[in-house]
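Going by this note's numbering, the sequence shown opens with residue 18, and the numbers climb by one from there. C-beta: ideal position from N, C-alpha, C; glycine also.
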Amino acid sequence: MDRNIPNKQLRSKNNIPWVRRKEKKILKKKQRLYQQAKKTKNWKNYKSFQRDCKRQLRRAEWEYVNSNIMKGLENNNAKPFWRYVKSKRQDSCGIAPLKKGNNLINESRGKAELLLNQFKSVFTKTTDTNLPPTRIQSKNVIKPIKINEKGLEKLLQEINTTKSSGPDNIPNRILKECAAQLAPILKIIFQKSLDTGTLPKDWRDANISSIFKKGDKHLPENYRPVSLTSVTCKILEHIICRNIMKYLETNKILTNLNHGFRTGYSCETQLITTVNDFLKEHDKGNQVDVAILDFSKAFDTVPHNKLLHKLHQYGIQGNIHIWLTNFLTKRTMRTVVEGISSEETTVDSGVPQGTVLGPIMFLCHINDLPDCVSSSVRLFADDCLLYRTIRNTQDHETLQKDLNNLENWANKWGMKFNAKKCYILSINKKTSKFYQLNQHILQEVQENPYLGLQISNDLKWNTHINNVCKKASSTLGFIRRNPLRNVPLNCRKTAYISLVRSIMEYGATIWNPYLKGDIDKLEKIQNRAIRFIKKDYKSREVDA
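Shown next as structure tokens:
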């Protein structure tokens, strides 16, 4: 495209959208007055103009919010709204200076290399050719995939043009706007790729975007790698993923104990099922010991040969298996920080996060985990719960045996539990018992977060509701402090529903409050929100 399509290099601007020519002139004048005041020591004119400048900038921001965001919401376009919210919340602050020994690395290339080395360090290499059998050995085999031109054109038309184009540098806008013309050509390329099991190198390259998780922002290990890959390849991945999922669901190969990455399942279905199990035993007066388990770098350590072995056992064979082998085993990646790339390196293990096929391949890899234990198991992507009703000492021993079995399963299939981040929650506790994993005694906790809910050992929701109220109140305060308070009523309502009510409603089917004190806490926030929406801060009661 660079050779055949004329292009013009545009200078990237990181301007505040409401600071236009008029406001820039005012800011320049303020800077001149500041320099004069430094020389003359007369700050009166500068401070007076500084106040006027702040008022002008605030007015410009309000005008921008009113015009752009309101028009967008009226036309069902929420992008300006979310762009503004993100800018005010400072959700994206880039990569902080990273620690290397006792030094902080500030320059982009150095940070990119540090992150690359961190991501490489977790890869696992296996040369084991004696692969163990799986419990599920499907007699059926997935059918060869035939590309449908109309379906392909529809996928091209659904491309999000605001997303990155990936290492092949084919703009998403070209793919979308030329969908009708490109569909017949891509159909031939995709079909040839599937029939031969081969992929162009660009489809196996990835630019890595580093996403901060939690903890110290200066530590490279607190960042998660997300692969930005070829959008063209992602279109083919969508087609392959749809066919694989249909085959797995039709033949009932996937366990129903994993609610992650699947149609018809969600965090809420997982939580309802799990908490219901706990409550049934709690109501009977029984003790339930819950092991909350954490895989160490789960997506990055999956051994390719063992994953491909499982896929073959599940009936994903033939050219599709060859294609997946080449998709997984011949990958390269480079980290990108502030537009600067690190050196390229090979990917020795793991399913690439950010791809379409990554989640379904991970599901297949841990699909047989529940088969090695007799206690109850709940999976959601890489989150794992193991729990058992404790009636006697034998139940304690059985749960410990199941923890040992999970440890053996992880060793067999190239996974590892991070025992320091695994905990025991004892519901309705009557007897005590130490449990261990990887020769590490698991810490017992009174409460622990699971899929966004704070679950306590008495199954009460006081702590969770307090956390919800604190977060919702803080977010409502953020809205009220910013120019969103001056937009029309329907925009204020949208801001509340999107930012505040979504916090209060998450998982409410599970923790729905029944105590007056908890209900009052939530109602206070609702009342504050209604006052904000209706701009009525004087009435004692406000009708919704």
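Cβ-based neighbour list, residue i, same chain, cut-off 6 Å, excluding 5 preceding and 5 following
| i | result |
| --- | --- |
| Lys-128 | Ile-112, Leu-115, Ile-122 and Val-354 |
| Leu-374 | Glu-254 and Cys-258 |
| Glu-461 | Ile-441 |
| Tyr-282 | His-276 |
| Ala-77 | Trp-35 and Glu-40 |
| Gln-73 | Ile-43 |
| Cys-70 | Ile-43 and Lys-47 |
Per-residue burial, residue i [other beta carbons within 10 Å of its own, 16 or more giving buried]
| i | result |
| --- | --- |
| Leu-192 | buried |
| Arg-545 | buried |
| Ile-441 | buried |
| Lys-314 | buried |
| Phe-451 | exposed |
| Asp-535 | buried |
| Lys-251 | buried |
| Glu-91 | exposed |
| Asp-233 | exposed |
| Lys-218 | exposed |
| Lys-330 | Here residue 330 is Gln; the residue named in the question, Lys, does not match the sequence. Gln-330 should be labelled buried. |
| Asp-317 | buried |
| Ile-542 | buried |
| Thr-246 | buried |
| Lys-637 | Nothing in the structure corresponds to residue 637, since the chain is present only between 18 and 561. |
| His-457 | exposed |
| Asp-412 | buried |
| Ile-176 | buried |
| Gly-222 | Looking at the sequence provided, one finds Asp at residue 222 rather than Gly. Buried, since its Cβ has 16 or more Cβ neighbours within 10 Å. |
| Ala-200 | buried |
Close beta carbons around residue i, own chain, < 7 Å, minus the five adjacent residues each side
| i | result |
| --- | --- |
| Phe-295 | Val-305, Ile-444 and Leu-476 |
| Lys-204 | Ile-164, Glu-166 and Leu-169 |
| Tyr-101 | Val-82 and Ile-86 |
| Leu-288 | Leu-468, Leu-470, Gly-524 and Ile-527 |
8 Å contact criterion, which residue i and residue j should meet: CB distance rounded
| i | j | result |
| --- | --- | --- |
| Val-504 | Asn-85 | Not quite, the Cβ-Cβ distance comes to about 10 Å (not below 8 Å), so this is no contact. |
| Ala-436 | Leu-454 | 5 Å |
| Leu-402 | Thr-286 | With 8 Å as the limit, Leu-402 and Thr-286 do not qualify as a contact, their Cβ atoms being about 14 Å apart. |
| Pro-188 | Ser-182 | 5 Å |
| Val-243 | Gly-371 | 4 Å |
| His-338 | Leu-325 | 7 Å |
| Phe-140 | Gly-431 | Actually they are not in contact, since the Cβ atoms of Phe-140 and Gly-431 sit about 11 Å apart, beyond 8 Å. |
| Gly-524 | Asn-343 | Actually they are not in contact, since the Cβ atoms of Gly-524 and Asn-343 sit about 41 Å apart, beyond 8 Å. |
| Ser-359 | Asn-268 | Contact doesn't hold; Cβ gap of about 42 Å is too wide. |
| Pro-369 | Arg-351 | Actually they do not touch by this definition, with Cβ atoms about 13 Å apart. |
| Ile-482 | Lys-538 | 6 Å |
| Gly-332 | Val-158 | 5 Å |
| Trp-528 | Leu-470 | 6 Å |
| Ile-377 | Met-262 | 6 Å |
| Cys-1 | Lys-327 | Not covered by the structure: residue 1. The range shown for the chain is 18 to 561. |
| Ile-309 | Cys-439 | 6 Å |
Per DSSP, the bridge partner or partners of residue i
| i | result |
| --- | --- |
| Val-353 | Ser-358 |
| Pro-242 | Ser-227 |
| Arg-72 | Partner(s): none; Arg-72 has no beta bridge. |
| Cys-401 | Leu-310 and Leu-396 |
| Thr-363 | Thr-349 |
| Asn-275 | Leu-396 |
| Asp-222 | Thr-349 |
| Val-305 | Thr-406 and Ile-444 |
| Thr-372 | Gln-370 |
Other residues of its chain near residue i: CB distance less than 8 Å, five sequence neighbours each side excluded
| i | result |
| --- | --- |
| Gly-168 | Ile-256 |
| Gln-135 | Pro-237, Glu-238 and Tyr-240 |
| Arg-152 | Asp-385 and Asp-388 |
| Arg-68 | none |
| Arg-190 | Thr-178 |
| Leu-172 | Ile-252, His-255 and Ile-256 |
Chain C contact for residue i (CB, 8 Å cutoff)
| i | result |
| --- | --- |
| Tyr-404 | The structure shown contains no chain C; it holds only a single protein chain. |
Length-filtered (3 minimum) beta strand (DSSP E) runs lying within the region 89-174: 115-117 and 120-122
Contained alpha helix (DSSP H) runs [length at least 4] in the region 435-513, N- to C-terminal order: 479-498 and 506-512
Secondary structure, alpha helix (DSSP H): runs of 4+ residues fully inside the region 167-215: 189-194 and 196-213
Can you give, in chain order, each stretch of the alpha helix (DSSP H) that sits fully within the region 319-346 and has at least 4 residues? 321-330 and 335-346
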